[in-house]
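This report concerns only the one structure given below.
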Amino acid sequence: MHINPKFRGALLAASVVALSHQSATAQAGPEAVQEAVETQYDSHLEDLFIWFHQNPELSLLESNTAARMAAELRAAGLEVTEGVGGTGVVGMLRNGDGPLILLRADMDGLPVKERSGLEYASTVTQTGLDGQEYPVMHACGHDVHITSLVGTARQLVAMQDQWSGTLMFIVQPAEERVAGAKAMLDDGLYDRFGTPDYALAFHVSAGEPTGTIIAAPGIFGSSSDSVNLHVPGIGAHGASPHEGRDPIYIASQIVVGLQSIVSRETNPLTPAVVTVGAFNAGSKHNIIGEGADLQLTVRANDEETRAATIAAIERIATNIGRAHGLPEDKLPSIEVVEGTPVTWNEQELADRLIPVFVETFGDDAVGPYEQDGMGAEDFAYFVADEYGVPGFYFSVGGTAPEDIAAEEAGGPPVASHHSPLFRIEPRESVTLGTRAMVAAVLDLAGS
């Protein structure tokens, strides 16, 4: 996922988070927590982060990452269950009566060859589910998330006299395929471990300065659906196109027709995206083949628009096929293969935790979310309406302020998420993510 809110100028001066305020819920003040977390980073978490960064694994294949996370959570004192929803890991920390709080981190890498220039850059390759060999990189910061989850667990174990309740630490596979959260839930996550009273997660954000937190009630990520669209054809010689039905031409007409969904069928004040990311067809210069395949991503900010957009894709594709003379048993068809709903921060929970962040880290370090794209996040499944779990998802800045200043002065741009050049500042990102999660738990479950 890539969340890149436009929240820079006012935060550049807050690159070093001042902890001059006392938390209303923690007996040990923010300064003591900061010192403990930074000491923990220097003694353990830094090496752990480097190990994760150098050993990324593809979605649904995160067996080594999962095993390392299970070992880390056990060493911290948690009850650990492995193999939930595939490679997912659940760590439970029980500490008397109180709320059940879910804390989630995603762990998968991406099929990207790293060119970040880091001394500890990934050089690994892995065989994907399709049997092909891919370079793999943590190009979205999930190594930050899982390292911070370990730090959060260790810190809250050490602070059990300051909170009561139960914490459910989730190490989730396959966020990049928006498949892991649903897989864990389908494997009985809430039936086996309890339905949380609250669910928390964060994402590191390239392009936002270190030491800053972005949080807001309401939408914090669009819905996302991956759609496979198959266009049948009738094969023929390329010199005699009239004897067949050309799937490349029909599919090309469909690509153009799909552009009308957002421009002519969707309310202009309602965001939506239909992107054709892949077009595969043909085998030789002079052959009209028997099919073409398109791969689409569909984004929306509400379920009504989401459903209407997918229905429109099917309608347009089917009827363009008819218009080109395809028989009824050979019309284009669609399949939604991966999807996630909108990520929504519950108003009451956001109104409670944002002031905690302001009090803990300072007003200048906390800013609002401004959606400037339609990134998605399958954390939404954990807080879906059917479960009634209030959720709070936020982001922490991961880019050195001087790098942002250099870009704004005309220098090299900050590499985006999923780029082979992607890099963040691990110490600042991991420690701030850890401290923010600790602050949230102490407020929600403080004794």
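What the sequence shown shows, in mature numbering (1 follows the signal peptide of the UniProt record, and there is no 0), is residues -28 to -1, 1 to 419, in sequence order.
Cβ atoms here follow ideal geometry from the backbone N, Cα and C, with glycine treated the same way.
Asked	Found
Terminal residues of the continuous alpha helix (DSSP H) containing Y221?	219 to 232
In terms of alpha-carbon separation, which member of G63, T59, E44 lies closest to V52?	G63
Determine the closest residue to G190 out of P145, I233, N273, with distance taken between C-alpha atoms.	N273
Our contact map puts Q267 next to A250 with C-beta atoms below 8 Å; I'd like the distance itself, whole angstroms only.	4 Å
Taking DSSP's pairing of strands, which residues face V61 in a bridge?	E54, V143
Where does S388 fall in DSSP's three states?	coil
Taking the continuous alpha helix (DSSP H) assigned at A322, which residues delimit it?	319 to 333
Just to confirm my understanding: we take T(-4), look at its own chain, exclude 5 residues before and 5 after, and list those with CB closer than 6 Å. What are they?	Note that T(-4) scores a pLDDT of 34, beneath 50, so its modelled location is shaky; the value from the coordinates is reported in the next line. Only L414, D415, G418 meet the Cβ criterion.
Ends of the beta strand (DSSP E) at N252?	244 to 253
Is the number of C-beta pairs between the region 86 to 99 and the region 159 to 178 that are closer than 8 Å three or more?	no
Confirm, please, whether the CB-CB distance from P373 to P181 is below 8 Å.	yes
Going by beta carbon distance, what residues of the same chain come within less than 7 Å of V87, once the five residues before and after it are set aside?	Val is not the amino acid found at residue 87; the sequence shown has Arg there. Hits under 7 Å: P392, L393.
Across which residues does DSSP place G363 in a beta bridge pair?	A171
Taking only runs of the alpha helix (DSSP H) that begin and end inside the region 84 to 142, which ones reach a length of at least 4 residues, in chain order?	114 to 130
Report buried or exposed for H209, applying the criterion of at least 16 other Cβ atoms within 10 angstroms of its Cβ.	exposed
Should E358 be labelled buried (16 or more other beta-carbon atoms within 10 Å of its own) or exposed?	exposed
Would you mind working out which of T277, R40, S196 sits nearest L241, comparing C-alpha positions?	T277
Find out if the Cβ-Cβ distance for the pair I260, G216 is shorter than 8 Å.	yes
Of the residues G57, I288, D323, D375, which one's Cα is nearest the Cα of R164?	G57
Closest to L230 by C-alpha separation, out of S195, N258, I288, would be which residue?	I288
Straight-line CA distance for S212 to E286?	29 Å
Should the region 313 to 326 be called in touch with the region 184 to 198, which here means at least 3 C-beta pairs below 8 Å?	yes
Return the CA-CA distance between A284 and G297, expressed in angstroms with no decimal places.	20 Å
Flag this pair as touching only if the region 13 to 26 and the region 101 to 121 have three or more C-beta atom pairs under 8 Å; answer yes or no.	yes
Thinking C-alpha only, which one of I396, H390, M409 is nearest K85?	H390
For the beta strand (DSSP E) containing R76, name the first residue and the last one.	72 to 78
Going by DSSP in three states, S212 sits in which element: helix, strand or coil?	coil
Taking the alpha-carbon of Q319 as reference, which of E307, E300, K302, V355 has the nearest alpha-carbon?	V355
Between the Cα of F366 and those of F351, A39, T290, G360, spot the shortest distance and give me the residue it belongs to.	F351
My assumption, with CB atoms under 8 Å, is that D187 sits in contact with A322. Please give the rounded CB distance.	According to the sequence shown, residue 187 is Ala rather than Asp. Between A322 and A187 the Cβ distance is about 7 Å, and since that is below 8 Å, they are a contact.
Taking L45 as part of the alpha helix (DSSP H), name the residues at either end of that continuous run.	35 to 48
A363 to A125, Cα distance in whole Å?	For the sequence presented, residue 363 should be read as Gly rather than Ala. If you take the alpha carbons of G363 and A125, they lie about 19 Å apart.
Can you give the beta carbon distance from I396 to A155, rounded, assuming they're within the 8 Å contact cut?	Incorrect: roughly 27 Å between the Cβ atoms, too far for contact.
Sorted by chain position, which residues of the same chain lie with C-beta nearer than 6 Å to H110's C-beta, five sequence neighbours on each side aside?	H25, P28, G81
Considering just the uninterrupted stretch of the alpha helix (DSSP H) at A188, what are its terminal residues?	Per DSSP, A188 belongs to no alpha helix (DSSP H) and is neither H nor E.
Looking at the secondary structure, which residues open and close the beta strand (DSSP E) in which Q343 lies?	No beta strand (DSSP E) holds Q343; DSSP gives it neither H nor E.
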